[in-house]
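K.L.:
Residue numbers (this note's numbering): 3 to 90.
1. When we look at the beta-carbon of residue 17 and count the other beta-carbons within 10 Å, is it buried (16 or more) or exposed?
2. Going along the chain, which residues of its own chain have a beta-carbon closer than 8 Å to the beta-carbon of residue 21, five neighbours each way excluded?
3. Could you give the distance in angstroms between the alpha-carbon of residue 64 and the alpha-carbon of residue 32?
4. In angstroms with no decimal places, state the Cα-to-Cα distance between residue 39 and residue 57.
5. Tell whether a beta-carbon distance below 7 Å holds between residue 54 and residue 87.
6. Using C-beta distances below 7 Å, list every residue in its chain close to residue 61, excluding the 5 sequence neighbours before and after it, in chain order.
7. Please state whether DSSP places residue 88 in a helix, a strand or coil.
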């Protein structure tokens with residue numbers, strides 16, 4: 003398994019995929035635009051979170067690949083970075 007196919011990332015994307023399928027069904031059923039827009043925003047947010055998780059995992063993976071196992075202090079700093087990245 004590569005770092006791009008971690009279970010967390012795959013689960014996030016599969017949930018977004020299922021949610022998106024429901025939105026397509028809502029459009030086909032003629033549901034109101036406000037409800038559809040709200041649900042689309044939820045999918046966009048879910049995909050953004052999956053993207054952030056992927057990028058953070060990628061950074062951590064390649065840091066360890068280049069430097070060896072990361073010390074606890076470095077992992078703590080990466081966790082801090084992950085927290086602030088949520089606000090992008």
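Built from N, CA and C at the ideal position, the CB exists for glycine as well.
Being a predicted model, the structure only gives us computed values, none of them experimental.
P.N.:
Walking through what the data contain:
1. Here residue 17 refers to the residue found at position 15 of the chain shown. Looking at its Cβ environment, which holds fewer than 16 other Cβ atoms inside 10 Å, residue 17 is exposed.
2. One-based indexing of the chain shown puts residue 21 at position 19. Cβ neighbours of residue 21 beyond the five flanking positions: 41, 44, 45 and 48.
3. Translated into positions along the chain shown, residue 64 becomes position 62. Translated into positions along the chain shown, residue 32 becomes position 30. The alpha-carbon atoms of residue 64 and residue 32 are separated by roughly 47 Å.
4. As a working mapping, residue 39 is identified with position 37 in the chain shown. As a working mapping, residue 57 is identified with position 55 in the chain shown. Their backbone Cα atoms lie some 27 Å apart in a straight line.
5. Position 52 of the chain shown, counted from the start, is the residue given in the question as residue 54. Position 85 of the chain shown, counted from the start, is the residue given in the question as residue 87. Yes. Within cutoff.
6. Residue 61 sits at position 59 when you count from the first residue of the chain shown. Excluding sequence neighbours, residue 61 sits near nothing in its chain.
7. For the purposes of this step, residue 88 is identified with residue 86 of the chain shown, where counting begins at 1. Taken through DSSP and simplified to helix, strand or coil, residue 88 comes out as coil.
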